[in-house]
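In our numbering, the protein residues as written are 17 to 143. This report refers to the structure that appears directly beneath it.
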Ligand code: SF4
Ligand code: SF4
């Protein structure tokens with residue numbers, strides 16, 4: 017009997033090599049400075065999806081084997097079970113984040129741009 021083709025065939029299990037957690041939406045300079053600290057660490061990324069902010073940490077799952085397979089597949093956690101291979105970072109061509117920061121320097125540039133925009137707006141209001 018031949019096995020049905022899976023969208024995961026040939027993938028190096030990208031989805032098992034990081035985890036991402038939602039974080040509070042930054043509003044103040046101090047909030048952004050906290051995120052700058054996350055991004056100062058190797059292997060981190062911050063992205064925005066659906067208006068929500070997430071911190072991603074590149075760290076492979078300890079249950080991934082050398083052939084990119086899950087060692088505990090029948091007993092994998094709920095998050096893994098609910099992950100849709102048809103809508104993942106490898107298979108979905110439209111998989112893109114609204115915004116992403118790969119290091120603290122990118123965030124610092126964004127904050128400078130954002131606050132410049134605010135200052136201009138405030139000046140226009142005062143006129
Ligand atoms: S869900 Fe996507 S990223 Fe994960 S193993 Fe399958 S194809 Fe690869
Ligand atoms: S438990 Fe299995 S499916 Fe879930 S992240 Fe780890 S290796 Fe991947």
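Idealized CB from N, CA, C, for every residue including glycine.
* To do: Specify, as a first and last residue, the run of the alpha helix (DSSP H) that residue 123 falls within.
  => 120-142
* Check whether the Cβ of residue 80 sits closer than 6 Å to any heavy atom of ligand 2, and report yes or no. => yes
* So, is residue 60 buried or exposed, given that buried needs 16 or more other C-beta atoms within 10 angstroms? -> buried
* Going straight from the alpha carbon of residue 45 to that of residue 52, what length do you get? -> Approximately 10 Å, taken between the alpha carbons.
* residue 74 - DSSP class collapsed to helix/strand/coil -> Strand.
* Nearest to residue 131 (by Cα), restricted to the options 102, 43, 76 -> 43
* Starting from the Cα of residue 122, find the closest Cα among 135, 48, 79 and give me that residue. => 48
* Can you give the Cα-Cα distance for residue 133 and residue 103, rounded to whole angstroms? -> Counting only the Cα atoms, residue 103 lies some 35 Å from residue 133.
* Asked: According to the neighbour-count rule (16 or more other Cβ atoms, all chains shown, within 10 Å of its Cβ), is residue 37 buried or exposed?
  -> exposed
* Of the residues 25, 58, 90, which one's Cα is nearest the Cα of residue 120? -> 58
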